[in-house]
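Asks: So the sequence shown is numbered by our numbering: it starts at 52 and just counts up by one.
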Amino acid sequence: MFRHNFGLQDGMLIRISPEDQPYVERVRDILLAEPCRGVSTEPHQLLSHMYIGSQNNAENLRLLRRLGITHVLNCAGFKGQRKQPERSPYDGLNIDYYEFKAEDYDTYDIVRHFHEAFTFLDRVYRKGGVALVHCAMGINRSAATCVGYIMHHRSWPLLKVVQLIKDKRRVVLSNKGFQLQLVRYARSVGMLDKLGDKPTTRRRESRPREPPAARFCRELPPSNYHRERQSHSSKPILEAFNSTHYRQLRANRERLEADGRRSPHRRSSVDYKDLREDGTLDLLGICIREQLARRQRPSSVDRFNQNYRIY
């Protein structure tokens, strides 16, 4: 298995050399920068004569006609041991088709297919056509092929090409073995960038997603009922909500009771118009917070989100 400090070369597992290590890390910094979630479902144009996409894109004939696709390169391969399929899936559609069988795992040598892929794409360029390069999802095999071809065709350095395809596809080149092979291929053809200061890209922090209602309630001023149950993150809010606010709320409650209405502790008795006029509508969060606490059920936040539509 591929490990973070190993890579494939001549079918053997070897340790990443010190000269390759900074480039591999820089490639991964680019690929892990935000946005890095959500696999794209649409093809993206990388060059004037080349798109990258998925198997679903290649099967969408209406999409191919709209993009003006004249050639299709399938990097996901074909079943069986034959060199080429006996019949193109695009027979009668005026689309030239070529495929090679590549696997998507860390120790697979993807560079071995570069020559045949580049020959096909150079022919597309000379004919003035447009090619769709695809694999199963348009993430690893086709992306590695496209990165290698852009370095070959445009003489662009590796990190510039990786940044280009990252900006287009968001989630791409997750195969760490392919990342290392692209660094070594770029070194062999003289397409490695000069490393300067490390770009200020931030990797995605893995944190649990918080429901919108929970985030809203967490930012509300806490009530007396909740003072002892506040988390450490809520202390600044508790300090900001001082005794003056409580006196204001108590005065409004007394006025409402004098007018014959019950205390706004109960949501069904609240007159929102009066509360808005009195400037206490922002204090209603206290009542909502207490109501959620009384439910004492895990689904209370979800029900609150559904009932009050807070997004």
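Note that beta-carbon positions come from the ideal geometry of N, C-alpha and C, so glycine has one too.
Please tell me whether Arg220 and Gly189 are closer than 8 Å, where the distance is taken between their beta carbons.
Replies: In contact: Arg220 and Gly189 (Cβ atoms closer than 8 Å).
Asks: Whose C-beta lies closer than 6 Å to the C-beta of Pro250 among residues of the same chain, with five residues either side of it excluded?
Replies: In this predicted model, Pro250 has a pLDDT of only 46, less than 50, meaning its place in the structure is not dependable enough to derive any value.
Asks: Assign Glu70 to one of two classes, buried (16 or more other C-beta atoms within 10 Å of its C-beta) or exposed (fewer than that).
Replies: Flag for Glu70 reads exposed.
Asks: Here's the rule: buried if 16 or more other CB atoms are within 10 angstroms of the residue's CB, otherwise exposed. What is Leu112?
Replies: Leu112 is exposed by the Cβ-count criterion.
Asks: Counting only the same chain and skipping the five closest in sequence on each side, list residues whose C-beta sits under 8 Å from that of Ala109.
Replies: Excluding positions up to five away in sequence, the list reads Leu115, Val123, Asn125, Leu183 and His185.
Asks: Excluding the 5 residues preceding and the 5 following Asp173 in the sequence, name in chain order all residues of the same chain whose CB lies nearer than 8 Å to its CB.
Replies: His204, listed in sequence order.
Asks: Give the straight-line distance between the Cα atoms of Asn145 and Thr121, rounded to the nearest whole angstrom.
Replies: Answer to the nearest angstrom: the Cα atoms are 7 Å apart.
Asks: Under 7 Å: does the beta carbon of Tyr141 sit that close to some heavy atom of the ligand ATP?
Replies: For the ligand ATP, the structure offers nothing, since it holds no ligand at all.
Asks: Can you look up Ile103 in the DSSP assignment and give me helix, strand or coil?
Replies: Strand.
Asks: Could you work out which residue in Val234, Val223 and Ala309 is closest to Pro86 when comparing CA atoms only?
Replies: Closest option to Pro86, Cα to Cα, is Val223.
Asks: Only counting the same chain, and skipping five residues up and downstream in sequence, which positions put a Cβ closer than 6 Å to that of Tyr200?
Replies: Excluding residues within five positions, the ones whose Cβ falls inside 6 Å are Phe169 and Leu172.
Asks: Along the chain, where does the alpha helix (DSSP H) containing Asp147 start, and where does it finish?
Replies: Segment Asp147 to Glu150 is the beta strand (DSSP E) holding Asp147; no alpha helix (DSSP H) there.
Asks: Is Arg117 buried or exposed, if buried means 16 or more other CB atoms sit within 10 Å of its CB?
Replies: Exposed: under 16 other Cβ atoms inside 10 Å.
Asks: Measuring only the C-alpha atoms, how far is Val162 from Glu93?
Replies: C-alpha separation (whole angstroms): 26 Å.
Asks: On the DSSP letters alone, give me the boundaries of the beta strand (DSSP E) that Val123 sits inside.
Replies: Residues His122 to Asn125.
Asks: Tell me the residue span of the beta strand (DSSP E) that contains Glu164.
Replies: Residue identity differs from the one stated: residue 164 is His in this sequence, not Glu. From DSSP, His164 is part of no beta strand (DSSP E); its letter is neither H nor E.
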